[in-house]
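First the structure, in the form of structure tokens, and then the observations on it.
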DNA sequence: AAATCGCTCTTCATTTTTGTAGAACAGCAC
DNA sequence: GTGCTGTTCTACAAAAATGAAGAGCGATTT
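Residue numbers (our numbering), protein chains in the order written: chain B, 1 to 298; chain H, 299 to 596.
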């Protein structure tokens, strides 16, 4: 037998009458009309099957039943207040959490953040740099700047920045000593520096194995930046993001071995969790950031 | 700034949609129409200023905000359930608590209780015998059988049983040794046994002092039954309820000194707290008990 | 490829709830 | 006493919420 007590709002009315001692006073406290208050109390008494107030011309006086229910009613009120409080917290602006490779959050990107912060000083950021893939759908971060090796969740809001290209690079010093592979076929004669098993993308690993026997691949780097440093110091050849290597190629530190193979192209995306995208400040930020960020990557 | 969140019932709807994942399923769980569920959610989102669900053709999927509010909503639900539970406890029959002098709950009265219990075995009693005056308005007891020395609260439901009469009695053995006071005027030559200062009724004390100098009044009894026992064993003369002494007079143990003075008459009442009188079983009991109890006192 | 299922939305008539206005009444101050 | 204040009712009109029916839409099954 289910209880018929389904109009929880009547508890508010009950408490107001309890506290003020009259339906008239309660009505002005609640901002509703006096007859409505009286009717809500009638209805409540009816569903509970209890008399809660003694009516007479000088007010509503609580019966013992009413006194005994007061505690429970107040527990309900405080639950309602903390619900509203929590909602109000969620409504307040929170920092925008952005995850990306450290490289994408430094250099020219920082100028974009600075420009944005100058315009919107009230909007704060939280940066989560690193290779770890945060789960945007689970709310671990709001925005991700990522190379989309795997198909992103279709729910995510998605902006394409560029197509990232990868190819082999080696230091000028390395080339002097060992020459350099001018095509994928020649890779097998070189020492290949690569990310560790647990950090390397399956797609890249597969491509590498098609060109080179396993024993030539040195998988000891946990982060791309460590591998890149090793390449720059001439310890071997390594697959690098063309954009990341660009300035080193220009100043002669690095040599680009051959044109980026199509198979290694990957979209560079801005991903936004739909929950975050619902926040005004996040949309404002994305609108500002996306074109400028894309411009960096031509 | 007061929150606009005033329709607490919307939390029920919120939880139902949260649990079932669709407004249609929630509507059948709640026993209301599907469009109503959707409208309640819209309204809730609007007053909270938060998006709670992602709508599409296959249902309502909770956003992160909804997930974060779920705990608070459930706290509210459990408060509502315990409110309903408490109400249901109050609705259940409880024992009828009766307070009276022990003498009024024994003897012929017990027959009335037995007869009533035979007819209504489901109705239980709790007896609170003794001189202590329980506060019926505060809910300390439901029914009192009392001599109304003081004006009872006008809110109390009240039935008159009889006019109790008091006068002086002494044991036959006492009369043999000292004679007995045949009028109030003669009392000053006797030893008067009376209740202690903290137990005696002001009205009686005043009357006694009008007849007798203070030093003749022995106020050492905390209970009427102790004083009566002392009178019966011939230790002095004492004011007793005429009805209580009746059988002892008939069998010659006690002597009624003189006719009961009008000034000591006091109404004997059945008093019922208005809260208790609202309970059906209490009314049933009073209807049965009152005439039979009054019959005992002629 | 078509049919079905389980949803959401929209519309509109109906029902329910609410508010307004005023009568009646007790307590209190003058 | 008389008038004032604070209260509860009642009646009726206005406003709001609700439900029923049906269109539309994906996903899934046949």
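Note that CB positions come from ideal geometry on N, CA and C, so glycine has one too.
In this text the structure is predicted, and so the values were computed from the model without any measurement.
So which residues on chain H does residue 51(B) lean against when the C-beta distance must stay under 9 Å?
Within chain H, the residues near residue 51(B) are 573, 576.
Select from 382(H), 408(H), 419(H), 400(H) the residue whose C-alpha is nearest the C-alpha of residue 393(H).
Scanning 382(H), 408(H), 419(H), 400(H) for the CA closest to the CA of residue 393(H) turns up 419(H).
Which parts of the segment 245-273 of chain B are runs of the beta strand (DSSP E), unbroken and 3 residues or longer, counting only runs that do not cross its ends?
Entirely contained in the segment 245-273 of chain B, the beta strand (DSSP E) runs reaching 3 residues are, in chain order, 254-256, 266-272.
Around the C-beta of residue 78(B), are 16 or more other C-beta atoms found within 10 angstroms, so that it is buried, or is it exposed?
In this structure residue 78(B) is exposed. Its beta-carbon is surrounded by fewer than 16 other beta-carbon atoms within 10 angstroms.
In chain H, which residues lie with their C-beta within 7 Å of the C-beta of residue 281(B)?
For residue 281(B), there are no C-beta contacts with chain H under 7 Å, since the nearest C-beta of that chain is about 14 Å from it.
Is the number of C-beta pairs between the segment 71-86 of chain B and the segment 5-23 of chain B that are closer than 8 Å three or more?
Counting Cβ pairs under 8 Å, three or more are found: they touch.
What does residue 97(B) reach in chain H if we use C-beta pairs closer than 8 Å?
Within 8 Å of the CB of residue 97(B), no CB atom of chain H is found; the nearest one sits about 12 Å away.
Looking at C-alpha atoms only, which residue of 590(H), 551(H), 407(H), 482(H) is the closest neighbour of residue 509(H)?
Considering only alpha carbons, the answer is 482(H).
Considering only their Cβ atoms, is the gap separating residue 370(H) from residue 361(H) smaller than 7 Å?
Taking 7 Å as the Cβ cut-off, residue 361(H) and residue 370(H) do not qualify as a contacting pair.
Could you have a look at residue 374(H) and say whether DSSP puts it in helix, strand or coil?
Note: residue 374(H) maps to helix in three-state DSSP.
Report the residues of the segment 313-332 of chain H with a CB closer than 9 Å to any CB of chain B, ordered along the chain.
Of all residues in the segment 313-332 of chain H, 328, 329 have a Cβ within less than 9 Å of some Cβ in chain B.
Mapping DSSP to helix, strand and coil, what is residue 12(B)?
Residue 12(B): helix per DSSP, three-state reduction.
Quick one: is residue 86(B) near chain H, going by C-beta distance under 7 Å?
True, the Cβ-Cβ gap to chain H drops below 7 Å.
CB residue 217(B) to CB residue 192(B), shorter than 7 Å?
In this structure, the beta-carbon distance from residue 217(B) to residue 192(B) falls below 7 Å.
Kindly identify the DSSP beta-bridge partner or partners of residue 397(H).
Answer is 426(H), 442(H).
Do you know whose CA, among 182(B), 147(B), 125(B), lies nearest residue 133(B)'s CA?
Nearest C-alpha to residue 133(B): 147(B).
Quick one: Cα of residue 264(B) to Cα of residue 195(B), how far?
For residue 264(B) and residue 195(B), the distance between alpha carbons rounds to 15 Å.
Less than 7 Å between the beta carbons of residue 170(B) and residue 255(B), yes or no?
Cβ distance < 7 Å, so residue 170(B) and residue 255(B) count as in contact.
Minimum length 4: unbroken alpha helix (DSSP H) runs contained in the segment 447-488 of chain H
For the segment 447-488 of chain H, whole alpha helix (DSSP H) runs of length 4 or above, ordered along the chain, are 470-476.
Quick check: what's the CA-CA separation for residue 293(B) versus residue 126(B)?
If you draw a straight line from the Cα of residue 293(B) to the Cα of residue 126(B), it is about 18 Å long.
Would you call the segment 82-102 of chain B and the segment 40-60 of chain B in contact, with 3 or more CB pairs under 8 Å?
Per the Cβ contact rule, the segment 82-102 of chain B is not in contact with the segment 40-60 of chain B (fewer than 3 Cβ pairs under 8 Å).
Could you list which residues in chain H have their beta carbon closer than 9 Å to that of residue 63(B), in chain order?
The contacting residues are 572, 573, 576.
List the residues of chain H that residue 82(B) touches, going by C-beta distances under 8 Å, in chain order.
Within 8 Å Cβ-Cβ: 370, 373.
Assigned secondary structure, residue 503(H) (DSSP; H/G/I helix, E/B strand, else coil):
Note: residue 503(H) maps to helix in three-state DSSP.
Please list the residues of the segment 528-548 of chain H that have a C-beta atom closer than 9 Å to any C-beta atom in chain B, keeping them in chain order.
The segment 528-548 of chain H vs chain B, Cβ under 9 Å: nothing.
On the DSSP bridge list, what partners appear for residue 517(H)?
DSSP output for residue 517(H) lists 492(H) as bridge partner(s).
Is residue 361(H) near the ligand GDP, judged by its Cβ being under 6 Å from some heavy atom?
Of the ligands one can find in the structure shown there are none, so the ligand GDP has no counterpart to examine.
Counting only C-beta atoms, is residue 305(H) closer than 7 Å to chain B at any point?
So, interface residue.
Cβ atoms of residue 395(H) and residue 442(H): under 7 Å apart, would you say?
Taking the C-beta atoms as reference points, residue 395(H) is found no nearer than 7 Å to residue 442(H).
Of all the CB atoms in chain H, is at least one closer than 7 Å to the CB of residue 58(B)?
Residue 58(B) does not count as touching chain H.
So which of 465(H), 337(H), 535(H), 452(H) has the shortest CA-CA distance to residue 564(H)?
Closest by alpha carbon: 465(H).
If you reduce the DSSP assignment to three classes, tell me which class residue 240(B) lands in.
In the structure shown, residue 240(B) sits in a strand (DSSP, three-state: E or B).
Looking only at its own chain, which residues have a Cβ that is under 6 Å from the Cβ of residue 268(B), when we skip the five neighbours before and after it?
147, 161, 162, 164, listed in sequence order.
With which residues is residue 61(B) paired in a DSSP beta bridge?
According to DSSP, which records beta bridges pairwise, residue 61(B) is partnered with 54(B).
Nearest neighbour of residue 153(B), chosen from 288(B), 272(B), 5(B) [CA to CA]
Looking at 288(B), 272(B), 5(B), the one whose alpha-carbon comes closest to that of residue 153(B) is 272(B).
Just verifying my parser: in three-state terms, what is the DSSP assignment at residue 18(B)?
Judged by DSSP in its simplified three-state form, residue 18(B) adopts helix.
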